[in-house]
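Residue numbers (our numbering): 94 to 308.
All C-beta atoms, glycine included, are put in the ideal place defined by N, C-alpha and C.
The structure appears right after this line, and notes come after that.
Structure (structure tokens):
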């Protein structure tokens with residue numbers, strides 16, 4: 094699912110000292126916030142609003158989601174750029190490392206089938222990245238108050254090892270409904286965790302040609 098690009102004001106400080114790579118990564122993971130300057134202009138920064146004599150202002154829901162996606166994509170790129178491939182040693186003294194089963198890039202769009210949604214979830218859980226898991230959730234129509242407990246649930250789940258994500262075609266409704274009216278894309282997504290085979294079910298919903306999980 095793609096969102097329209099929004100112009101964002103960026104502040105660049107000249108003659109800044111060189112930043113070590115690990116420090117740069119830590120900075121990139123900082124929370125971006127919206128500040129309102131005295132003249133009414135919006136400032137998007139990871140610094141305190143007071144540094145610009147501005148006051149905090151609420152981010153739009155869409156922009157907040159896009160920033161989370163951008164951060165997740167950056168971290169995914171860091172993993173992909175490491176010179177380690179399946180079945181190869183980086184150094185003879187280091188153990189063999191297998192490439193994590195990552196999910197598709199954001200440029201590839203959303204899941205176009207329940208099976209693709211399943212693969213996306215397996216890859217996102219392998220990274221233990223709640224933002225990647227959240228990309229596969231159906232947020233449309235939810236308020237910030239409704240979304241917060243869902244995000245906390247996804248955060249707890251994403252920290253746990255996932256064994257599989259299974260799509261089960263299912264339909265819950267009246268027995269009087271004709272078979273021709275039962276949606277072929279209705280179903281459940283079963284998340285099977287490695288800790289004893291614990292299973293958590295999510296609904297699968299189709300929205301704008303894309304498939305998402307929902308509570």
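Residue 259 and residue 284 have their C-alpha atoms some 7 Å from each other. For residue 145, there is no enclosing alpha helix (DSSP H), since its DSSP letter is neither H nor E. For residue 235, there is no enclosing beta strand (DSSP E), since its DSSP letter is neither H nor E. The beta carbon of residue 244 is closer than 8 Å to those of 223, 227 in its chain, skipping five residues each way along the sequence. Burial check for residue 308: the Cβ neighbour count within 10 Å stays below 16, so the residue is exposed. A residue is called buried once 16 or more other Cβ atoms fall within 10 Å of its Cβ, and residue 143, having fewer, is exposed. When DSSP states are grouped into helix, strand and coil, residue 222 belongs to the coil group. Where residue 296 is concerned, the enclosing beta strand (DSSP E) starts and stops at 292-300. The three-state reading of DSSP puts residue 283 in strand, counting E and B together.
For residue 304, the enclosing beta strand (DSSP E) covers residues 303-307. Straight-line measurement puts the Cα of residue 138 at about 33 Å from the Cα of residue 300. Measuring C-alpha to C-alpha distances from residue 257 to each of 220, 286, 242 identifies 286 as the nearest.
Within the DSSP bridge table, the entry for residue 257 names 285 as partners.
For residue 206, the secondary structure class from DSSP, reduced to helix, strand or coil, is coil.
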